[in-house]
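For what it's worth, the UniProt record's numbering labels the leading residue of the sequence shown as 1, then goes sequentially. C-beta atoms are modelled at their ideal positions from N, C-alpha and C, and glycine is treated no differently. The next block holds one structure in the form of structure tokens; read it before the comments.
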Amino acid sequence: MSENTKYEPTALEEKWYAYWLEHNYFHSEVDETKTPYTIVIPPPNVTGVLHMGHMLNNTIQDVLIRRARLRGFNACWVPGTDHASIATEAKVVDKLAKEGIKKSDLTREEFLKHAWEWTHQYGGTILKQLRKLGCSCDWERTKFTMDEEMTASVIKVFVDLYRKGLIYRGHRMVNWDPEAKTTLSDEEVIYEERQGFLYHLKYQIEGTEDYLVIATTRPETIFGDTAICINPNDERYAHLRGKKAVVPICGRAIPIIEDEYVDMEFGTGCLKVTPAHDVNDKMLGDKHGLEVIDIFNEDASLNSYGLHYAGKDRFVVREEIVKELEDKGLLFKKEKYTNKVGTSERTKAVIEPRLSDQWFLKMDTLIKPAVEAVLNSDTVKLHPKKFENTYRHWVENVRDWNISRQLWWGQQIPAYYYGEGKQQFVVAETPEEALTLAREASGNAALQASDLRRDEDALDTWFSSWLWPISVFDGILDPENKEIKYYYPTNDLVTGPDILFFWVIRMIVAGYEYRGEQPFSNVYLTGIVRDKLGRKMSKQLGNSPDALGLIKEYGADGVRVGMLLSSAAGNDLLFDESLCQQGKGFGNKLWNAFQLIKSWQVSEGVPQPESARLALDWFEAKFQQTLAEIDEHFEKYRISDALMSTYKLAWDDCCSWLLEMVKPAYGSPMDTKTYTCVVAAFEDLLRVLHPFMPFVTEEIWQGLKTRTPEEALIIAQYPAQQPYDESLLRDFAFAAEVIAGIRTVRKEKNIAFKNAVSLSLINNEGVTNRFDAVLIKMGNLTEITPVKEAIDGASSFRVKANEYFIPLVGAVDVAAEVAKLQEELQYTQGFLASVQKKLANEKFVSGAPEAVVAAERKKEADALAKIATIEKSIKAMSNV
Numbered sequence: 001m002s003e004n005t006k007y008e009p010t011a012l013e014e015k016w017y018a019y020w021l022e023h024n025y026f027h028s029e030v031d032e033t034k035t036p037y038t039i040v041i042p043p044p045n046v047t048g049v050l051h052m053g054h055m056l057n058n059t060i061q062d063v064l065i066r067r068a069r070l071r072g073f074n075a076c077w078v079p080g081t082d083h084a085s086i087a088t089e090a091k092v093v094d095k096l097a098k099e100g101i102k103k104s105d106l107t108r109e110e111f112l113k114h115a116w117e118w119t120h121q122y123g124g125t126i127l128k129q130l131r132k133l134g135c136s137c138d139w140e141r142t143k144f145t146m147d148e149e150m151t152a153s154v155i156k157v158f159v160d161l162y163r164k165g166l167i168y169r170g171h172r173m174v175n176w177d178p179e180a181k182t183t184l185s186d187e188e189v190i191y192e193e194r195q196g197f198l199y200h201l202k203y204q205i206e207g208t209e210d211y212l213v214i215a216t217t218r219p220e221t222i223f224g225d226t227a228i229c230i231n232p233n234d235e236r237y238a239h240l241r242g243k244k245a246v247v248p249i250c251g252r253a254i255p256i257i258e259d260e261y262v263d264m265e266f267g268t269g270c271l272k273v274t275p276a277h278d279v280n281d282k283m284l285g286d287k288h289g290l291e292v293i294d295i296f297n298e299d300a301s302l303n304s305y306g307l308h309y310a311g312k313d314r315f316v317v318r319e320e321i322v323k324e325l326e327d328k329g330l331l332f333k334k335e336k337y338t339n340k341v342g343t344s345e346r347t348k349a350v351i352e353p354r355l356s357d358q359w360f361l362k363m364d365t366l367i368k369p370a371v372e373a374v375l376n377s378d379t380v381k382l383h384p385k386k387f388e389n390t391y392r393h394w395v396e397n398v399r400d401w402n403i404s405r406q407l408w409w410g411q412q413i414p415a416y417y418y419g420e421g422k423q424q425f426v427v428a429e430t431p432e433e434a435l436t437l438a439r440e441a442s443g444n445a446a447l448q449a450s451d452l453r454r455d456e457d458a459l460d461t462w463f464s465s466w467l468w469p470i471s472v473f474d475g476i477l478d479p480e481n482k483e484i485k486y487y488y489p490t491n492d493l494v495t496g497p498d499i500l501f502f503w504v505i506r507m508i509v510a511g512y513e514y515r516g517e518q519p520f521s522n523v524y525l526t527g528i529v530r531d532k533l534g535r536k537m538s539k540q541l542g543n544s545p546d547a548l549g550l551i552k553e554y555g556a557d558g559v560r561v562g563m564l565l566s567s568a569a570g571n572d573l574l575f576d577e578s579l580c581q582q583g584k585g586f587g588n589k590l591w592n593a594f595q596l597i598k599s600w601q602v603s604e605g606v607p608q609p610e611s612a613r614l615a616l617d618w619f620e621a622k623f624q625q626t627l628a629e630i631d632e633h634f635e636k637y638r639i640s641d642a643l644m645s646t647y648k649l650a651w652d653d654c655c656s657w658l659l660e661m662v663k664p665a666y667g668s669p670m671d672t673k674t675y676t677c678v679v680a681a682f683e684d685l686l687r688v689l690h691p692f693m694p695f696v697t698e699e700i701w702q703g704l705k706t707r708t709p710e711e712a713l714i715i716a717q718y719p720a721q722q723p724y725d726e727s728l729l730r731d732f733a734f735a736a737e738v739i740a741g742i743r744t745v746r747k748e749k750n751i752a753f754k755n756a757v758s759l760s761l762i763n764n765e766g767v768t769n770r771f772d773a774v775l776i777k778m779g780n781l782t783e784i785t786p787v788k789e790a791i792d793g794a795s796s797f798r799v800k801a802n803e804y805f806i807p808l809v810g811a812v813d814v815a816a817e818v819a820k821l822q823e824e825l826q827y828t829q830g831f832l833a834s835v836q837k838k839l840a841n842e843k844f845v846s847g848a849p850e851a852v853v854a855a856e857r858k859k860e861a862d863a864l865a866k867i868a869t870i871e872k873s874i875k876a877m878s879n880v
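Written out as structure tokens, the structure reads:
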């Protein structure tokens, strides 16, 4: 133990983390004699650095894993990172651009070499930062979703699902991210309300001078118009049936069709149909056999269909085409309009609907076990339960999963094309197997490996992370291995509700498909960390503190406590840096208690005082009562409540009461029995506190006595619940009120604590004298005497129906006390006179509101009662 007497978090954190690593306390191996407790980390993006959300999430995981370790479970917390296709590829592309290199100038292999270099250089940052927080992950088990065996697992699952008929290739309208140049799933699109315009454009009726006016928010898409649609019930346009309209600027004639899909009340009641760029227009186009014209390049600039706008960005074109339409008299009007715009969750770019060949996973049958597990059987429990409604919405409205991405960083889709185009292909785990299958399918035994072209697309990142609880234990490639059979299913998952669909539901689906059981039993859904104004923390707003800076300032223990105290499951945390200061203050309180205990001199020849015996008996009962509360909070995943109960036990019950009650008189030694019991009680407290504050508790634990590595706190035994005497708690609660009364009298009467006083009691409730020894010590009393009536010349207080009296003879300066009472009497008499003068005024009494007059009469009654009390006290003091 350090000889420092000052609490210095940084130094002790570095020391003890190194110690834990040195003795391999975090590592777990299969041990059939012990029950496993397993958590898999929600793998942070390999691009990531520690932020407040990570701090909250991983603190909770560490609390759970450390508590399980103390409770004798074979605790295994698997860490790792996610390759994050879109985010990582964007980082690498940006890095290359700064070096004057374009992705388009590289082969896939060349680009991936750069991506791996970037990953090796920056990819482990966040895992290193988690160590600063105290995370006790099994670092030997660290996984990366692009590890060789992890990739092989993903490919194996793709092939398996394809052969089961659950994966198919389809030409569909998808969400296109023009910045990342890839498709996104519906769940990766965030809809934001934005202020824009509704443009009313004039389409000339072919062969006439008449015009149709059509409203659109996207005038740049007119180049892809292939029809005008009206409602067949709309008599305003009955005369246009069978005619054609001319698209402004491009001059193409397009048919006017009829469909009840058109809302006659929106805009002008006419709809321009652009099948290549709107999902509903595509359905209309299919129904009516319309031409499909794609006007965008992959970066959302216009292609050759955009005529003189070709090569320009869609939003630039929007501004320019409006001006051209206006100049040509084809803009009828424009008006402000608010609508919801889809944006990419990753790049924030505005999404473009686009027709594309993609790979999809059928979800309608796969989802069924996931519905049963959460909503019907409680096999998987969500905490808090309120998120079951969100879960229900997702599983009841699930759509086929678009699993392909137009990226290079990620698992490459194992589809191999042969022949012309992309109509003929085989799906296989290896190129060798693909060649064999292609020869069989084509009937061409002379087909060579060079004749096959592997699909360029990568799989959606979530298609690897949905296997995470299985693949980290190699359960896909080797489904009968001892680790997957021992550690799976895992116990608890801690994650945010924002990825309930992206990840949690899909992991449950994968668990039942590939292991026949759930991947975890409990899902703890944390809230979002927000600032004091309720805003989500972000780099853009500049309201997110430096996570490592907070740890440096307040210590990891302080930050952990500060966050958890205000972080109920599922509820957002309004973060205030003062919470971390409070956490650090708590650590300092424990440290000072430790220093106090270490400062006591101990003597075997001193008998144990009755007050110390009572104090220790009470604290044991209080500890057991609180331990039951804490355990119940953990069972219900109320981690914040568990910490608060522990906090009060340490601060109030241990530091403020127990240590004060057992503390020996100044300069006197403590008896051995009391010291031994105090240390044991403090050790129990440290065991309960350790999951929340691992560093300071280990430091104090090791400082209380010499320990071997096998006796470290991190692997000590968690206290077990024991029966306790509830009457001890009731009797002490009463005694504590009496002590508070004694202290109040001493303060009011300026009776120094060094001056011993006697206490007389009218015991109206027949209270026990069980804690009299504690009262005598804590109140510095000479005796406690039962009496039958009030004592003159004494200061009194009441606890429930019982009255207590402290005689003031010899305890106070009577003359000074009488003078003080006389001064108070004079002031109160003056106040009474002013109130009575107001009440004697007939005009006031008759004119003022009844409530005002009643308030004045109450002031009069209170003043009269107070004067009577003061006069009684003066009389009593005068008789002393």
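Item                                                                                                                                    : Value
Which listed residue (G516, N297, T676, P255) has its alpha carbon closest to that of A370                                              : G516
Start-to-end residues for the alpha helix (DSSP H) that takes in I256                                                                   : From DSSP, I256 is part of no alpha helix (DSSP H) but of the beta strand (DSSP E) over 253-258.
Close-in-space but distant-in-sequence residues of the same chain around A863 (CB under 7 angstroms, 5 per side omitted)                : T828, F831, L832, V835
The alpha helix (DSSP H) enclosing R392, as first and last residue numbers                                                              : 388-396
Cβ contact (3+ pairs, closer than 8 angstroms) linking the region 713-720 and the region 61-75                                          : yes
Option in L573, I505, M507 with minimal Cα separation from D531                                                                         : L573
Beta-carbon gap between Y416 and A445 smaller than 8 angstroms                                                                          : no
Contacts around K872, its chain only, beta-carbon distance under 7 angstroms, and the 5 residues preceding and following it disregarded : none
Residue environment, G53, which counts as buried when at least 16 other CB atoms sit within 10 Å                                        : buried
Proximity to Q582 [Cα-Cα], best of S104, Q625, M563, L596                                                                               : M563
When E149, M363, S846 are compared against I470, the one with the closest alpha-carbon                                                  : E149
Buried/exposed call for P431, threshold 16 Cβ in 10 Å                                                                                   : exposed
Residue span of the alpha helix (DSSP H) that contains Y19, given as start and end                                                      : 9-22
Residues of its chain near S2, where Cβ-Cβ distance is below 6 angstroms and the 5 sequence neighbours each way are ignored             : Any reading at S2 must be qualified, since the residue scores a pLDDT of 46, below 50, and its modelled position is unreliable; no value is offered.
Residues sharing a beta bridge with residue 881, DSSP                                                                                   : The question about residue 881 has no answer here: the residues shown for the chain are numbered 1 through 880.
Cut-off 6 angstroms between Cβ atoms - residues of its own chain near E298, not counting five sequence neighbours on either side        : K181
Buried versus exposed, by CB contacts within 10 Å (16 or more), Q624                                                                    : buried
Start and end residues, alpha helix (DSSP H) containing P232                                                                            : Premise fails: P232 is in no alpha helix (DSSP H) and is neither H nor E.
For residue 881, the first and last residue of its enclosing alpha helix (DSSP H)                                                       : The requested residue 881 does not occur in the structure, where the chain is confined to residues 1 to 880.
Straight-line gap, residue 881 to F734 (C-alpha atoms, nearest Å)                                                                       : The question about residue 881 has no answer here: the residues shown for the chain are numbered 1 through 880.
As assigned by DSSP and simplified to three states, the class of Y675                                                                   : helix
Inter-stretch contact (C-beta, 8 angstroms, three-pair minimum) for the region 133-150 and the region 41-50                             : yes
Minimum length 3: unbroken beta strand (DSSP E) runs contained in the region 24-69                                                      : 36-40
Short Cβ contact (8 angstroms threshold) for E824 with I751                                                                             : no
Of the residues E629, A434, R613, the one placed nearest L670, counting alpha carbons only                                              : Looking at the sequence provided, one finds Met at residue 670 rather than Leu. Checked all of E629, A434, R613; the closest Cα to M670 is R613.
CB contact check: G585 to chain B, cutoff 8 angstroms                                                                                   : Here there is only one protein chain, and chain B is not present.
V93 burial status per 10 Å Cβ neighbour count (16 or more: buried)                                                                      : buried
Closest residue to V787 among F520, D772, M644, N763 (Cα-Cα distance)                                                                   : N763
Straight-line Cα distance separating S185 from A179                                                                                     : Reading off the sequence, residue 179 comes out as Glu, not Ala. Those two C-alpha atoms are separated by around 15 angstroms.
Simplified DSSP assignment, three categories, for R454                                                                                  : strand
M661 in three-state terms, based on DSSP                                                                                                : helix
Three or more C-beta pairs below 8 angstroms linking the region 669-686 and the region 604-612                                          : yes
Coil, strand or helix - T183 by DSSP                                                                                                    : strand
Residue from E109, H114, T88, S85 with nearest C-alpha to E99                                                                           : H114
Range of the contiguous beta strand (DSSP E) that encloses W77                                                                          : 74-78
Strand pairing of E335, partner residues [DSSP]                                                                                         : L198
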